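Heads up: the protein sequence lines correspond to chains L and B, in order. Using our numbering, you'd call the opening residue of the first sequence number 180 and step up by one each time. Using our numbering, you'd call the opening residue of the second sequence number 18 and step up by one each time. Ideal Cβ placement from N, Cα and C applies to all residues, glycine included. From a predicted model like this one, the values you see are computed outputs, not experimental measurements.
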Amino acid sequence: MIALPIKLLWRSWRAGALQLVAGALLLAVAVVTSVSLLADRVQLALTEQSATFLAADLVVRGPHEPPSDWAEWASQVELRTARTASFNSMVYAGDEMHLAAVKAVDAGYPLRGEVVISQQPFSQLQSDWQAVGRGPQVGEAWVDSRLLPLLDVELGDTIEVGATQLKITQVVVTEPDRGGSFSLFGARVLMHYADLQAAAVIQPGSRVSYRFLMAGESGSLAALQAQLAADFEQRADQHWKIITPDSAEASIADTVDRGRKFLLLAGSVGVILAGIALALASRQFADRQLAQVALFKCWGLRSFEVRRFYLVQVSLLAIVGTALGLLLGWLFHTALLAVLADYLPAELPAASLQPWLVGIATGVLSLLGFALPALWHLPQLSALAVLRSEITGSPMTTAVRLFIGGAVAVLLLYGYSGNLWITLGMVAALTAVAVFIGTLAWLFLAVLRRFFSQLGGLWRMAAANLWRQRLQSQLQMLGFAAAIALLLVMAVVRGSLIEEWRWQLADDAPNHFLVNVAPYELEPVKALLAERGLESAGWFSMVRGRLIEINGAPPPADLKERHESLNRELNLSWSATLPENNQLVAGEWWQADTPVSDGPVPMSIEVELAEELGLSLGDFVTFSLGGLRFEAQLVNTRSLRWESMTPNFYFLFPEGVLEDFPRSGITSLHIPASEKMVINDLLRRYPTVVVIELDKVIAQIQSVVYQVTQGLQMMTGMILLCGVLILYAGVALSMPARLQQSALLRTLGSSRRAVLQLQAIEFALLGGVAGLVAALAAELTLVIIAQQLFAGSPQIHPWIWLAGPLGGALLVSFLGVAYSARSVGLPPLQLLRQLNR
Amino acid sequence: MTILQAQQLTKQVSVSGSSLNILNAVDLALERGESLAIVGASGSGKSTLLGLLAGLDLPTSGSVSLAGEEITALSEDQRAALRERHVGFVFQSFQLLPSLTALENVALPLELRGDTGAELAAAQFLERVGLSERLAHYPSQLSGGEQQRVALARAFASRAEILFADEPTGNLDTVTGRAIDELLFEMNQEQGTTLVLVTHEHGLAERCGKQITLDAGSVVARR
């Protein structure tokens, strides 16, 4: 009893009764698989790319030289390794000297990414650059361009590092693990690890950051990571810290994470849309099965046999549909990759198993949740009732089917995003959409009927038709409006992502920081910048201090070991108002005119740091500033936008507290490539000023952002396809009733043109109202998304209110008329006869 | 040998709280190979009686014995099994499946029973009803009369002992209807089938060996 269901399934396909169901299933699996494959591979690539920010896949950082065991362990599991040591040291050339940020690297460095070098100091021309997969040779030094004017030397000259002399052979434009860290105040000097001993710059007690770099296959990495963690435990050594690409760079990680969230959101929307299309198509398929089931019953098939019959069909559909869906998903994703070729790395890592499993689960669960409920009642049907046309619908109530479909949707969303909050957010939004649409559609239909009854003719008939079948109209609007709303949401979310990144991508985004500008240098530096036509993002003052006590006691030893900020000087600043790009998380901002002389000094801390230090509102923290102690009380916490590229501070105080301590100025500004030599002039005149060049880092961020946004654009297109499928399924489902009316009208003498006009008006009204409702629902969803995903304030999007109704009316009427035009053209008798079967 | 017997067959439905008698204490008996016409005005209960006799529905009271089995004592599945062995149907609206060709429509009940050579048998019956040229045609490509011929071929192909026909010519014009009548009785004769048919048509009813007339659910005339 397997051959016959398969045979009949094939016959249904041949007769065109299965295309919608199969199409919806295929598209559901294909969209999910392609989105999933793309997200998976891009994410792996991004992780790999952020590995280049580490110059490795995995790094262990600590204050001592890494034990030699580690390299042995790594080679046992076939991992490549490298060592680096970073420290600040005076470098000399003749009478000139500079406190440089020295990095010694061994022959293995870098394991990921490349070092970019140049023979042309300060050149911004990529043609002058050269990317190499190694560091300097023994006896060589590669240095920042700005070190050359500072030491008054040129390429080929010699500098002294400790007791050894190194020849400057290259200017280093960037190295992969340079990062944007503000601790690198000095100019970079890259040297060979083997020269360290001769240089003898590292003495017991020197502050050196050693890094042990590893790269290779992910299983081996995980194994070694576990082995290292156990080793730290055994040594009771908490100085070592494991750094993964995810934790490598806060701002990069943030960008990657945001891209991933959006990819997941896009995928989830695809799941829901395809599910709705599948549910609608399945209902139509079930309606077409009624006569067949009635005949089966008349011919003596028992209920369980009918059930088995359809289970075989559904299973076959699941297997074939899912398999083809996976194939189509693969093709979709390769097409996407082809379009994105310019933005993606040439060699993307192979996808993991997960996207395929997600695709398969989607196919099976979609059929179970969206298709099977529509077919479930078939075995129970009374043959007599069907033959007498007494039953046409499904005894499984809409509420039950909605519940099952909803439960499966939640399951899929969760399985797909792996994020409970995104899942709940989507579910809440969709529930809101459903309730809103149900209510609003009813209201609009009532208004339409009243309003159009005064117009007469086809308009009145169209509105009356919609009202008479209001339950059905409401259901269709639910489908249409959900699709339109999701499309609107997609468009806005994608837009606001790009908007949010725009200033980061803007040509004039700050790309340099000026730090350590003494008060007496401030005016001349400003004047120099003004002279060159450079605008800064505003000047901030800061003082340096150490955090020495928390609530009257020194920080616990383990916290101190874990947290670097307790071991070095911190940048403290002040502001009367909450700075731009800062958002209050807890507590109150101080009043501008509050006198600070009474009671403890209020203080604001960046929220994540406060959590890491275990501080809550009301706690007291004691700082040491140049030997002077002062106590402050935590009154609020803030979140920061590090990617804003303007000076941000972990610790902020009100005005009138820190002004008397030795302070320095900091600002960020955009220096175009053509004006890059201003750094040279600035450093010659004010050697203590530190310039942090972020232009290379920003370029790296930009390339990541471009990749992600381009991918999203394609994905929005694919989800639009799902939306169209829903509209199509909805139109097809309502078609028999519409055609019956058309046939009657034509029998009564209406022209084909008039009937088509009526159809067009009816569909346009349906689509228009659905679009209007969708605009409202989209706006509400965006409020939630704006708050949850982007931490921004909600705003009204006027274009939604135009695009929703207009787009809905045009799209639905076009689809509807296109679908019904051929049938309406048939002679009325033939049409009626077809409908009666 | 009595193949179909009904005793005191009554069907009540409840309509907005009050119960309505659709059939009222109907008695009838039919020997193997006999034919019975159930006539009466619209709403007199003809189709309800047919449904009860075929085991598609259960009476409120009374009994039906089909091929020696008391169907009111059987479960739905047992009744289905009984229908599979003994019963065939012809419907007013043909009930051909639009996605199947004429040949496939006729073969379907045989395939469901697991008959090998279903298509061969179907082709033979289609030839018998004069449609050997239309085997691969879909119902939408056939006229009403042709569709009912396909339905007749399907009903007889399953070699049922007792055939229930609900207004088999109700949807056809007079000339076509007559031709279908002819075919129905010819094939009935050839196969020795017991025939129960519901009809409006006086002429068709006259051709049956027995006839009962229903009015408001009660038998008002018997021949």
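- What are the complete beta strand (DSSP E) segments, minimum 3 residues, inside the stretch 48 to 80 of chain B? 52 to 57
- Message: Strictly below 8 Å CB to CB, what residues from chain L border Ala-84 of chain B?
- Response: None at all; the shortest Cβ gap to chain L is about 12 Å.
- Task: Buried or exposed for Glu-101 of chain B, please, with buried defined as at least 16 other CB atoms from any protein chain shown within 10 angstroms of its CB.
- Result: buried
- Distance between Glu-785 of chain L and Phe-361 of chain L (C-alpha atoms, nearest Å): Residue confidence for Phe-361 of chain L is low, a pLDDT of 36 falling below 50, so the modelled location carries little weight; the figure read from the coordinates is stated next. Phe-361 of chain L and Glu-785 of chain L: Cα-Cα distance of roughly 17 Å.
- Query: What are the residues that DSSP puts in a beta bridge with Tyr-389 of chain L?
  - Reply: L:Gly-241, L:Ala-264
- Let me know if Gly-359 of chain L comes out buried or exposed under the rule of 16 or more other beta-carbons within 10 Å of its beta-carbon. Bear in mind that a pLDDT of 43 at Gly-359 of chain L, under 50, signals an unreliable position, so the model cannot answer this.
- Task: For the beta strand (DSSP E) containing Phe-799 of chain L, list its first residue and its last residue.
- Result: 799 to 804
- Message: According to DSSP, simplified to helix, strand and coil, what is Ser-35 of chain B?
- Response: strand
- Going by beta carbon distance, what residues of the same chain come within less than 8 Å of Leu-527 of chain L, once the five residues before and after it are set aside? Arg-220, Val-221, Leu-223, Ala-224, Leu-516
- Message: Buried or exposed, going by whether 16 or more other CB atoms sit within 10 Å of the CB of Ile-975 of chain L?
- Response: exposed
- Task: Determine the DSSP secondary structure at Tyr-998 of chain L, reduced to helix, strand or coil.
- Result: helix
- Where Phe-475 of chain L meets chain B, residues with beta-carbon distance less than 8 Å: Leu-129
- Message: Quick check on this structure: which residue in B:Leu-114, B:Gly-209, B:Ser-160, B:Thr-77 has the alpha carbon closest to the alpha carbon of Leu-469 of chain L?
- Response: B:Leu-114
- Does Ser-52 of chain B have its Cβ less than 9 Å from a Cβ in chain L? no
- Task: Say whether chain B places a C-beta atom closer than 9 Å to the C-beta of Trp-478 of chain L.
- Result: yes
- Out of L:Gln-938, L:Ile-979, L:Ala-943, state which residue places its alpha-carbon closest to the alpha-carbon of Ala-957 of chain L. L:Ile-979
- Message: With distance defined between alpha-carbon atoms, name the residue in L:Met-824, L:Tyr-865, L:Glu-354 nearest to Leu-848 of chain L.
- Response: L:Met-824
- Message: Helix, strand or coil for Thr-348 of chain L? Go by DSSP, reduced to three states.
- Response: strand
- On the three-state DSSP scale, how would you describe Met-269 of chain L? strand
- Message: Can you tell me whether Leu-945 of chain L is buried or exposed? The criterion is at least 16 other CB atoms within 10 Å of its CB, across all chains shown.
- Response: buried
- When the Cα atoms are used, what is the spatial distance from Leu-603 of chain L to Ile-451 of chain L? 13 Å
- Message: If we define contact as Cβ-Cβ less than 9 Å, is Gln-208 of chain B a contact residue for chain L?
- Response: no
- Confirm, please, whether the CB-CB distance from Ala-949 of chain L to Met-656 of chain L is below 9 Å. yes
- Start and end residues, beta strand (DSSP E) containing Val-167 of chain B: Val-167 of chain B -> not in any beta strand (DSSP E); alpha helix (DSSP H) instead, spanning 161 to 174.
- Message: Just to confirm, is the Cβ distance from Val-238 of chain L to Ile-421 of chain L under 9 Å?
- Response: yes
- Message: Measuring only the C-alpha atoms, how far is Arg-808 of chain L from Ala-261 of chain L?
- Response: 43 Å
- Task: Using a cut-off of 8 Å between C-beta atoms, extract the partners of Asp-74 of chain B located in chain L.
- Result: Ser-561, Leu-563
- Message: Based on DSSP bridge pairs, tell me the residues matched to Pro-781 of chain L.
- Response: L:Gln-812
- Message: Can you check whether the C-beta of Gln-920 of chain L is within less than 9 Å of a C-beta belonging to chain B?
- Response: no
- Query: Taking the runs of the alpha helix (DSSP H) that are 4 residues or longer, which of them lie wholly in the stretch 500 to 553 of chain L?
  - Reply: 533 to 545
- Query: Start and end of the beta strand (DSSP E) containing Lys-420 of chain L?
  - Reply: 420 to 422
- Looking only at C-alpha atoms, which of L:Val-281, L:Glu-244, L:Glu-748, L:Leu-819 sits nearest to Val-764 of chain L? L:Leu-819
- Taking 8 Å as the threshold, find out whether the stretch 104 to 122 of chain B comes into contact with the stretch 176 to 184 of chain B through three or more Cβ pairs. yes
- Query: Between Arg-487 of chain L and chain B, is there a C-beta pair that is closer than 9 Å?
  - Reply: no
- In chain order, what residues of the same chain have a beta carbon less than 6 Å from the beta carbon of Leu-363 of chain L, not counting five sequence neighbours either side? Note that Leu-363 of chain L scores 42 on pLDDT, short of 50, meaning its location in the model is unreliable; the coordinates nonetheless yield the value given after this. Excluding sequence neighbours, Leu-363 of chain L sits near Ala-280.
- Query: Of the residues that make up the stretch 927 to 939 of chain L, which ones have a beta carbon closer than 7 Å to any beta carbon in chain B?
  - Reply: none
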